[in-house]
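S.K.: Quick one: the structure is below, and I'll ask about it shortly.
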Amino acid sequence: MSLRIGVDTGGTFTDVCAFDEETARIHVRKVSSTPDDPGRAIVQGVTEILDQMGGREIDEVAYFAHGTTVGTNALLTGRGATTGLITTRGFRDLLELGRGRRPSMYDPQADKPEPHVPRRLRKEVTERMRHTGAVEVPLDEDDVRRAVRELRDAEVEAIAVCLLYSYLDPTHERRIAEIIAEEYPGVYVSLSSDVLPEFREYERLSTVVTNSYVGPVVANYLSRLRAVLAERGLRAVPHVTQSNGGVIPFHTAEAMPVRLVLSGPSTGVVGAAQICAAAGFPDIITFDMGGTSSDISLVQEGRPKVTAGMELDGRPVRSPMLDIHTVGAGGGSLAWIDSGNHLRVGPQSAGAFPGPACYGNGDGAAVTDANVVLQMLNPEYLLNGQMKIDREASVAAVRRLAEPLGLSVEETALGILRVVTANMARAIRVVSVQRGYDPRDYALVPFGGAGPLHASRLARELGMRRIVVPEIPGAQSALGLLMTDVKTDFMRTRIAAVDEAGAAAVDDVFAELAQAADRWFAEEGVGTEGRAIVRRMDLRYRGQNFELAVEIPEDHSFRRDGVAAIIDLFHEAHERVYGYRSEDAAVEVVTFRLEASGAAPRFDVHESPVTASDPEKARVAIRRTCFDPATGYIDTPVYDRGLLTPGDVISGPAIVEQMDTTTILLPGDECRVDSYRNLIIESGDEA
Numbered sequence: 005m006s007l008r009i010g011v012d013t014g015g016t017f018t019d020v021c022a023f024d025e026e027t028a029r030i031h032v033r034k035v036s037s038t039p040d041d042p043g044r045a046i047v048q049g050v051t052e053i054l055d056q057m058g059g060r061e062i063d064e065v066a067y068f069a070h071g072t073t074v075g076t077n078a079l080l081t082g083r084g085a086t087t088g089l090i091t092t093r094g095f096r097d098l099l100e101l102g103r104g105r106r107p108s109m110y111d112p113q114a115d116k117p118e119p120h121v122p123r124r125l126r127k128e129v130t131e132r133m134r135h136t137g138a139v140e141v142p143l144d145e146d147d148v149r150r151a152v153r154e155l156r157d158a159e160v161e162a163i164a165v166c167l168l169y170s171y172l173d174p175t176h177e178r179r180i181a182e183i184i185a186e187e188y189p190g191v192y193v194s195l196s197s198d199v200l201p202e203f204r205e206y207e208r209l210s211t212v213v214t215n216s217y218v219g220p221v222v223a224n225y226l227s228r229l230r231a232v233l234a235e236r237g238l239r240a241v242p243h244v245t246q247s248n249g250g251v252i253p254f255h256t257a258e259a260m261p262v263r264l265v266l267s268g269p270s271t272g273v274v275g276a277a278q279i280c281a282a283a284g285f286p287d288i289i290t291f292d293m294g295g296t297s298s299d300i301s302l303v304q305e306g307r308p309k310v311t312a313g314m315e316l317d318g319r320p321v322r323s324p325m326l327d328i329h330t331v332g333a334g335g336g337s338l339a340w341i342d343s344g345n346h347l348r349v350g351p352q353s354a355g356a357f358p359g360p361a362c363y364g365n366g367d368g369a370a371v372t373d374a375n376v377v378l379q380m381l382n383p384e385y386l387l388n389g390q391m392k393i394d395r396e397a398s399v400a401a402v403r404r405l406a407e408p409l410g411l412s413v414e415e416t417a418l419g420i421l422r423v424v425t426a427n428m429a430r431a432i433r434v435v436s437v438q439r440g441y442d443p444r445d446y447a448l449v450p451f452g453g454a455g456p457l458h459a460s461r462l463a464r465e466l467g468m469r470r471i472v473v474p475e476i477p478g479a480q481s482a483l484g485l486l487m488t489d490v491k492t493d494f495m496r497t498r499i500a501a502v503d504e505a506g507a508a509a510v511d512d513v514f515a516e517l518a519q520a521a522d523r524w525f526a527e528e529g530v531g532t533e534g535r536a537i538v539r540r541m542d543l544r545y546r547g548q549n550f551e552l553a554v555e556i557p558e559d560h561s562f563r564r565d566g567v568a569a570i571i572d573l574f575h576e577a578h579e580r581v582y583g584y585r586s587e588d589a590a591v592e593v594v595t596f597r598l599e600a601s602g603a604a605p606r607f608d609v610h611e612s613p614v615t616a617s618d619p620e621k622a623r624v625a626i627r628r629t630c631f632d633p634a635t636g637y638i639d640t641p642v643y644d645r646g647l648l649t650p651g652d653v654i655s656g657p658a659i660v661e662q663m664d665t666t667t668i669l670l671p672g673d674e675c676r677v678d679s680y681r682n683l684i685i686e687s688g689d690e691a
């Protein structure tokens, strides 16, 4: 058993990456995704990559990890399970009331998203705890049984339980779970005290409802895939990646699917962070452009930024996750003309089917078609010949947009690229400028099938001077699955002043979380030498309504070292984000967080010797490519990335092709291959 396999399911392609420990070689395979049953493409991809490796057998696989969008897609398409809710009497309508904010302040026609639980399936029970955790009104078990029977009669597939102060004392919720097991055995159950033991009742309610809504869908998918892989001979325990960038076994994820919302893009960020840190670029902005969307994240000092939650389709989801911002701009994003006769791109996507016009099934002009028209992409085939391309179909699709705009086909194609570049630049500013970081201080790291194709234009739009293209960018998320650890998060809300008087209490809370982490390590079989813990506190000035997460230094003890250093870290974070600090204001902690990770078998990057530059050995063609309508199509050298070696230097304009992606060097760019086989592009000033 010497193989490790990572599989990432995207909207257009499913990427499979295999590492052979005996030969230290990486193998990559792409197959078209099968949205109706993602597992079908996974099995196909695994079968094909084993054949590609000389007929290897699946029982040789020692490690299997998977990044999935099944839960996210169920949320976005409204295809989750029929869900019921049991909550404290008087709070039945909280799911609908939310925070009382309009989703769009200046649009009177805007509607809030429909709740995942209709009102008739929201049941109230008599119980009440105080904000101190003391029981005000005992749980009425007859109420609970009546509510469960009504939900059973309604044939709900899942039940969410969220009581008002259960994050302080979960006793009532756990008793409700016992009654559900008695009255309605087999139904999927989520408790807010398990899913999110934090304050803010609306966010906690929304999150536990989300967990129940996608729970049966994700659980059925993972259990079915697990069974199929086992039938084919997989003996390793399959893992799935979480939003926090770590992996957990399938059977663990089935109980907490809300933690898989960003399962797909998170491992690409983790892998890019490790690759670039080894290459000497610890501060990066990752740019994962696939067929449907682009995912942006900021990495500082080799560590991805994390956040406590996000809003998905208008609904808050609180769960530890990498700070990834998504925009509807991918290779399959469709160009269109709005009512003002302006060219727009996305968020609608051609997806895997019918796909861009050049795939031969659709007639909409996608971003990929614009690149095919300009011949920045190979006009005959992609994926080393696995996918034939119809350039004439792309030209016809772009021409249908060009005629009403009064532009040439080439001007329209370049316009599509400029519009989609502007969309992606806005997304990068969200995770950088709006958080107090200057993107010019970071290297841009593009991956995904379309990332390197647009990276140079995007870097110039943002004033970024350096681009780092990993060796296997088109399958970076799949490769990242082989570079991540087993990971989970523990949290506890305790609102208290951060001062010397409470220093011992802070240590005590972290000690409780550490005990929970030790139990988890034991359950996952993580040895003592492979364990790692990161502590964070959500802090705010007293009177504020929102917090900032501050990481606690590894060896810091509040009893021994005091709280002054932590308060200084909070002041710095507050000034960076909001532009000011209040040195004299009292600081309070809201939530304590502990991230526990265990080292898993992984693929590590290795250096290669750097030789004198001789890129001509890798030049395989000359292609007429259009970078500017004023100059038209110009002869552009095309290089095979597999033939480039460390030390090679290429000047733009140039095209670097590989199976999983294409990298474009604009005029004025200069690219060198470093010792880790990354392409290091210095962005030029010439347009």
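Residue numbers for the sequence shown follow our numbering, so the first one is 5 and each next one is one higher.
Glycine included, each C-beta is placed from N, C-alpha and C at the ideal position.
Keep in mind the model is a prediction, meaning the values are calculated, not measured.
1. By the three-class DSSP mapping on this structure, what secondary structure does Ala553 have?
2. Confirm, please, whether the CB-CB distance from Ile46 to Val65 is below 9 Å.
3. Between the beta-carbon of Phe291 and the beta-carbon of Leu462, is there less than 9 Å?
4. To which residues does DSSP link Arg597 through a beta bridge?
5. With Pro117 and Gly318 assumed to form a contact (beta carbons below 8 Å), what rounded beta-carbon distance in angstroms separates them?
6. Roughly how far, in whole angstroms, is the beta-carbon of Ala401 from the beta-carbon of Ala369, given that I think they are within contact range, below 8 Å?
7. For Pro324, does the three-state DSSP call read helix, strand or coil?
8. Nearest by alpha-carbon distance to Thr649: which of Ile659, Asn682 and Gly137 is it?
9. Please go through the same chain and pick out, in chain order, the residues whose beta-carbon is closer than 8 Å to the beta-carbon of Ile183, but skip the five residues on each side of it.
10. Give the straight-line distance between the Cα atoms of Glu555 and Ser398, rounded to the nearest whole angstrom.
11. May I ask which residues mark the beginning and end of the alpha helix (DSSP H) holding Thr214?
12. Considering Ala2, what are the terminal residues of the beta strand (DSSP E) in which it resides?
13. Go ahead and label Glu690 buried or exposed: buried means 16 or more other beta carbons lie within 10 angstroms of its beta carbon, across all protein chains shown.
14. DSSP state of Ile476, grouped into three classes?
15. Is it buried or exposed for Ser270, if we count other Cβ within 10 angstroms and need 16 for buried?
16. With DSSP collapsed to three states, give me the class of Tyr192.
17. If you scan the stretch 33-97 from start to end, which runs of the alpha helix (DSSP H) of 4 or more residues do you find wholly inside it?
18. Select from Leu79, Val473 and Gly88 the residue whose C-alpha is nearest the C-alpha of Pro122.
19. For Arg623, which residues in the same chain have their Cβ closer than 6 Å to its Cβ, ignoring the five residues on either side in sequence?
20. For Thr330, name the three-state secondary structure that DSSP assigns.
21. Excluding sequence positions up to five away, which residues of its chain have a Cβ less than 6 Å from the Cβ of Ala162?
22. Measure the alpha-carbon distance for Ala283 versus Gly651 and round it to whole angstroms.
23. Report the rounded CA-to-CA distance for Ala164 versus Ala501, giving the unit in angstroms.
24. Between Ser170, Ala223, Val222 and Glu186, which has its C-alpha nearest Ser197's C-alpha?
25. CB Ile288 to CB Val449, shorter than 9 Å?
26. Quick check for students: name the residue ranges of the beta strand (DSSP E) that lie wholly in the stretch 630-678, counting only runs of 3 or more.
27. Taking all protein chains shown into account, do 16 or more other C-beta atoms lie within 10 angstroms of the C-beta of Glu26, making it buried, or fewer, making it exposed?
28. Using only alpha-carbon positions, find the residue among Phe596, Glu599, Ile476 and His578 that is nearest to Ala589.
29. Tell me, which residues are paired with Thr13 by DSSP?
30. Go through its chain and collect everything with a Cβ distance to Gln438's Cβ below 7 Å, but skip five positions before and after it.
31. Using the Cα positions of Cys675 and Gly467, report the straight-line distance between them to the nearest angstrom.
32. Look up Pro117 in the DSSP assignment and say whether it is helix, strand or coil.
33. With a cut-off of 8 Å on the beta carbons, I'd call Gly656 and Gly636 a contact; round off their distance for me.
34. Using the Cα positions of Gln352 and Tyr446, report the straight-line distance between them to the nearest angstrom.
35. So, for Ile659: in the same chain, excluding its five sequence neighbours on each side, which residues have a beta-carbon less than 8 Å away from its beta-carbon?
36. Between Ser298, Glu686, Val303 and Gln662, which lies nearest to Arg470 when the distance is taken from Cα to Cα?
M.R.: To lay it out plainly:
1. strand
2. Cβ distance not < 9 Å, so Val65 and Ile46 don't count as in contact.
3. In this structure, the beta-carbon distance from Phe291 to Leu462 falls below 9 Å.
4. Looking at the DSSP assignment, Arg597 forms a beta bridge with Met495 and Arg540.
5. 4 Å
6. 4 Å
7. Three-state result, Pro324: strand.
8. Asn682
9. Glu145, Val148, Arg149 and Val152
10. 50 Å
11. Glu205 to Glu235
12. Since the first and last residues shown for the chain are 5 and 691, residue 2 lies out of range.
13. Only weak support exists for where Glu690 lies, its pLDDT of 45 falling under 50; the value from the coordinates is given anyway. It is exposed - the Cβ of Glu690 has fewer than 16 other Cβ atoms within 10 Å.
14. coil
15. buried
16. strand
17. 42-56 and 74-81
18. Pro122 has its Cα closest to that of Gly88, out of Leu79, Val473 and Gly88.
19. Pro641 and Tyr643
20. strand
21. Ala85, Thr87, Tyr192, Ser216, Gly219 and Pro220
22. For Ala283 and Gly651, the distance between alpha carbons rounds to 14 Å.
23. Rounded to whole angstroms, Ala164 and Ala501 show a C-alpha spacing of 33 Å.
24. Ser170
25. Closer than 9 Å, so yes.
26. 636-644, 653-655, 658-661, 666-669 and 674-677
27. exposed
28. His578
29. Thr18
30. none
31. In a straight line, the C-alpha of Cys675 is about 17 Å away from that of Gly467.
32. coil
33. Not a contact, Cβ separation roughly 17 Å.
34. 30 Å
35. Closer than 8 Å at Cβ, skipping near neighbours: Met380, Arg627, Thr629, Thr640, Pro641, Val642, Tyr643, Thr666, Thr667, Ile668 and Leu669.
36. Relative to the Cα of Arg470, the nearest Cα in the group Ser298, Glu686, Val303 and Gln662 belongs to Glu686.
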